[in-house]
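Peer 1: Numbering (this note's numbering), first residue to last: 3 to 86.
Structure below.
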């Protein structure tokens, strides 16, 4: 649903609105290294962290990733931060 972000080292970061481990399968944030290794950075639970991430990621100068997801504590969506 959202685009990929490439960092200065050539790694790609993104989100998938569905999938992940466990029974909830509410989406993931992931990383693909320049050499092709894949890893899940966060599995969303549809709890306070939201679910179904649906925005492009943004990176700050420290390498932290920010994005948005549906749901959250009050059901109005969340903005999340991931430190890879």
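For glycine and all other residues, C-beta sits at the position ideal for the given N, C-alpha and C. Only a predicted model underlies this, so the values are computations on that prediction, with no experimental measurement involved.
Which of the three DSSP states, helix, strand or coil, is assigned to residue 79?
Peer 2: Coil.
Peer 1: Inspect the beta-carbon positions of residue 70 and residue 53 and report whether they are closer than 9 angstroms.
Peer 2: The answer is no: Cβ separation not under 9 angstroms.
Peer 1: Skipping 5 residues on each side, what residues in its chain have a beta carbon closer than 7 angstroms to that of residue 72?
Peer 2: Around residue 72: 52, 53, 54, 56, 79.
Peer 1: What residue from 15, 4, 83, 9 has the CA that sits closest to residue 50's CA?
Peer 2: The shortest C-alpha separation from residue 50 is found at 83.
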